[in-house]
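Q: In my numbering, the protein residues as written are 71 to 683. Have a look at this one before I ask anything.
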Amino acid sequence: MLSYKNLAQQIYDNVGGSKNIENINHCATRLRIRVHSVQNINDTAIKNIEQVAGTVNHGQEYQVVIGTDVANVYNEIIKINGTIDKKSLQSHEKKDNMKKTNFSWSNLGHTIIDFISGTFVPILGVLVAAGLISAVLNIGTSFFGLSPKSGTYTVLFAIYQAGYFFLPLYLGYSAARKLNLNPMMGGFLGAVLVYKTIDSAKGLSFLGLPIPQVQYNTSVIPVLLGIILMKFVDIVLERVVPKSIKFFVNPLVTMLIVVPITLLWLGPLGFKIGSIIANILKFINLKFGWFSVGIIAAITPFLVMTGTNQALFPICIAAVSTTGYDAFILPGMLAANVAVGASALAVAVYSNDSKEKQLGLSSGLTGLMGITEPALFGILIKNKIAFLSTMSASGLVGILAGFLGLKQYAIVSPGIAALPTFIHANNGQMDMNLWIAVLILCLSALLSFGLTLFFGKREQRKTTNNIYLPVKGKIIPLSSVKDEMFSKGMLGDGFAVIPEGEEIYSPVTGQVTMIAKSKHAIGLKTKDSTEILLHLGIDTVDLNGEPFEVKVSKGQQVKHGDILVNMNLNMIKAKGKDPIVIVVLTQKNKKIKNKNFSVNNLEQDIGQILFSE
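Now the structure itself:
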C-alpha cells in the first residue's frame, strides 16, 4: 500500500502540479482540486492508483475520491506545494483568479451546487458536534437521571444551542472563504445578523426605511445572499480604491453597503425563499406521503455520485433548526447509505478479484457507517447490478421509514455511527424512534445485500466465463501453432485463429493490463481475475510495431467485441512472418472447457467456452 506521501505525490503530478492547480480543498471523502485546464490531467493514471476509488470532473473542479483518509492526503499535497493555501486565501487580490466566481448561464446549476458544497461542507463538523451533544443530553436524561436544572445539563445544552444559534456566523465565514473574500468579514456579517438588537427586532429602521422583522439565528439563505453581495462590492472596491488605503477603506465601505442592503432587502428575500422551500417540502410530504422518503432514499446514491446531494444541506439544516428534527431527507439517506455499504459487501463476497474483494470489504464497512463515496466510486459505479439493487432496496425501505415517521435529530451522515442522533427523550423516557432507525438500517442492509448477491452471482455465471473470437478466421487448436512455447502449453491453455480480417477484437470483457512496446501482444484481465494474453503473429516482435495500430491504452476498460488493434496482414506476410492470432490463459490453473472449433462468426462465442479450475 502506498504511503500518504507517495499517494499525494502521484495525484499531484498527474493533476499537473503547481502549474495547473489553482486551489485545493477537501470534504469528508474527496480532494477537490480547481485546475486551470482539465486537459492537463492524466485521469486514467489517477484512476489506476490503488487507493483512489474514483474521480469526478465538474467543470474546472476535479474531484478525487479517496475515502476517510482524504485529510491525510490533502496535508501531504500541501507539504509538496505549500503555496497552494496562500494562493487560496489571497487569490481575491489577483485578477487572474477572478474567473473562479464568474457567472455563466451555461453552468449555473454546477456553480450553485459548487458554492453550496464549498460553503456547507467545512461547517458540518460544528453541526455534527452540536447534534451529537443533543443525543448525549437525551441519553443522559433518559438513562442516567441527568437533571435539566443541573449545571452539567446547562453547559452541554449551551454547546448544542450555540451550534445552531450562531449558524449565520459560521456560514458567513465559510461562504466568504469559498468566494475568496476575507473570511473574517463574512463571519462579521453573520455576527451582525444574530446580534440581539438585530435578530427578530421589531420596529427597526435605517435612514428612515423600515427594516422587516426577520429571525436570523438558525437561518441559512439570508447570510449567503449577503456574502454574494459582499463579493460584488469587493470586486468594485479592488478596482477603484487606491492600494495605499485599501486596508481600512475596503472593510468600512463594505459593511456600510452590505449590512443595510441585507437587512432591508436580501435578508427578507432569503427568509422568504427559505419559507417557499419549506412549503414545497411540506407539499411533497403531503402529496406523496410515505413515498417521498422512499424517493429520496432511491435517488441518494445518484445524488452523491454527482455531488448534487450537497444542495440538500440547507434543507436539512432548516428542518432541524426550526423543528428539532428532519423526517424527510435524513431518514431516506439512512436507508440509502447502509444499502450502499451492504451492496459493496455483497460484491466482496461473490467477486473473484482479490482487489475488488478488498475494496468491497473496506468501502462496504465505511458505507454502513455513513460514508458512501468509496463504495459508490470504487464498486457501484462499475457494477450495474449492485447499483440497481441498492436503489431498489433503499427506495422500498425508505417508504417504510416514511410510514413509520422516522426522525433524525442532528445533521450527521446517517449510518450505524449516527444511531445516537435518532434518540429522542420524551418526558425523560426514550421513545421508539431509535428502534425504528435500527429496523430501517437492518432491513435496508439485508435487502440490498441479498439482491446484490443473488443477481450479481447470476450475472457472473452468465458473463464472466465466455471467450469470444478475437478475429474472423479459421480456428485451430493451440497444439497446431508453429511455436513450441504455445503448442506445448508453456504459457497456458488456449486456442489460435488464422486471421481473415485485420481488425483484432477483445475476446473478453475486462481491463487492458499490458501492451507490448512492439505492439504485438496485449494483456487482458476479466472481472473474475482471469488473465489472457492476446499474441499477434509469431516472431512479430522483430517488426518493432510497424504492422500494428493499437486502439486502446493500458488501464482501459473494454468489452468483448471492442477493437483493440488494426493488424496489417500484408506487411506481416511480406516480412516472412506468420500472422496467426493466439489467445492464451496465462494462469496454469485455468483451462478451457467445451472446445468447439467449428464456430467462425465473431458475434458468437466459441461453443460457450468456460473456464475450469
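Quick reminder that beta carbons are idealized off the backbone N, C-alpha and C, glycines included.
DSSP state of Leu566, grouped into three classes?
A: First, the residue type needs correcting, since residue 566 is Ala and not Leu in the sequence shown. Three-state result, Ala566: strand.
Q: Helix, strand or coil: how does DSSP classify Ile455 here?
A: Looking at Ile455 - three-state DSSP - the assignment turns out to be helix.
Q: Within 10 angstroms of the Cβ of Gly215, are there 16 or more other Cβ atoms? Answer buried if so, exposed if not.
A: It counts as exposed.
Q: Work out the CA separation of Val328 and Leu299 for me, nearest whole Å.
A: Going by the C-alpha atoms only, they are around 7 angstroms apart.
Q: State the DSSP-derived secondary structure class of Ala406, mapped to helix, strand or coil.
A: Helix at Ala406.
Q: Going by the CB atoms, is the gap between Lys316 and Leu251 shorter than 8 angstroms?
A: No, Cβ-Cβ distance for Leu251 and Lys316 is not below 8 angstroms.
Q: Identify which residue in Ile136, Lys117, Arg104 and Lys149 has its Cα closest to the Cα of His128.
A: Out of Ile136, Lys117, Arg104 and Lys149, Arg104 has the C-alpha closest to the C-alpha of His128.
Q: Does the distance from the C-beta atom of Thr66 to that of Leu450 stay below 8 angstroms?
A: Since the displayed the chain opens at 71 and closes at 683, residue 66 lies outside it and no answer follows.
Q: Put Thr288 into one of helix, strand or coil per three-state DSSP.
A: If DSSP states are grouped into helix, strand and coil, Thr288 belongs with coil.
Q: Compute the distance between the beta-carbons of Ile493 and Leu504, then report whether it is under 8 angstroms.
A: Cβ distance < 8 angstroms, so Ile493 and Leu504 count as in contact.
Q: Taking the straight line between their C-alpha atoms, what separation do you get for Gly593 and Val198?
A: Spanning the two alpha carbons is a distance of roughly 48 angstroms.
Q: Hey, quick one: how far does the alpha helix (DSSP H) through Ala245 stretch, first residue to last?
A: Unbroken alpha helix (DSSP H) run through Ala245: Leu237 to Lys248.
Q: Short of 6 angstroms in beta carbon distance, which residues of its chain neighbour Leu431, apart from the five on each side in sequence? Order them along the chain.
A: Taken in chain order, the residues that qualify are Ala418.
Q: Is Tyr234 helix, strand or coil by DSSP?
A: Correct three-state label for Tyr234: helix.
Q: At what residues does the beta strand (DSSP E) containing Lys544 begin and finish?
A: Element bounds for Lys544: Gly543 to Pro547.
Q: At what residues does the beta strand (DSSP E) containing Met584 begin and finish?
A: Its beta strand (DSSP E) spans residues Gly580 to Ile585.
Q: Going by beta-carbon coordinates alone, are Val284 and Phe341 separated by less than 8 angstroms?
A: In contact: Val284 and Phe341 (Cβ atoms closer than 8 angstroms).
Q: By Cβ distance below 8 angstroms, which residues in the same chain neighbour Tyr395 in space, the five residues on each side in sequence not counted?
A: The answer, listed in chain order, is Ala389, Lys477, Gln478, Tyr479 and His494.
Q: Please state whether the Cβ-Cβ distance between Leu202 and Ile481 is less than 8 angstroms.
A: No, the Cβ-Cβ distance between Leu202 and Ile481 is not below 8 angstroms.
Q: Let's test the definition: count the other Cβ atoms within 10 Å of the Cβ of Thr189 and tell me whether it reaches 16, buried, or not, exposed.
A: Burial call: buried.
Q: What's the call for Ile574, buried or exposed, on a 16-neighbour Cβ count within 10 Å?
A: Label assigned to Ile574: buried.
Q: Under 6 angstroms Cβ to Cβ from Ser599, same chain only, skipping five residues before and after it: list those, please.
A: Correct list, in chain order: Asn422 and Asp423.
Q: Where does Glu601 fall in DSSP's three states?
A: Three-state result, Glu601: strand.
Q: Counting only runs that start and end within the region 454 to 518, where is the alpha helix (DSSP H) found for 4 or more residues in a row?
A: Runs found: 454 to 474.
Q: Between the region 91 to 111 and the region 131 to 143, do three or more beta carbon pairs fall short of 8 angstroms?
A: Flag = yes, the region 91 to 111 and the region 131 to 143 touch.
Q: Would you decide whether Asp563 is buried or exposed? Buried here means 16 or more other CB atoms lie within 10 Å of its CB.
A: Buried.
Q: Comparing C-alpha positions only, which one of Ile343, Ala409 and Gln231 sits nearest to Leu207?
A: Nearest C-alpha to Leu207: Gln231.
Q: Which residues bound the beta strand (DSSP E) around Lys727?
A: Given that the chain is displayed from residue 71 to residue 683, the structure contains no residue 727 and the question cannot be resolved.
Q: Can you list, in chain order, the residues of its chain whose CB lies under 7 angstroms from that of Leu241, leaving out five sequence neighbours each side?
A: Only Thr189, Ile193, Gly260, Val290, Val293 and Leu294 meet the Cβ criterion.
Q: Starting from the Cα of Gly631, find the closest Cα among Ser576, Pro649, Ser550 and Leu639 and give me that residue.
A: Considering only alpha carbons, the answer is Ser576.
Q: Return the CA-CA distance between Ser73 and Val108, expressed in angstroms with no decimal places.
A: The straight-line gap from Cα to Cα measures roughly 26 angstroms.
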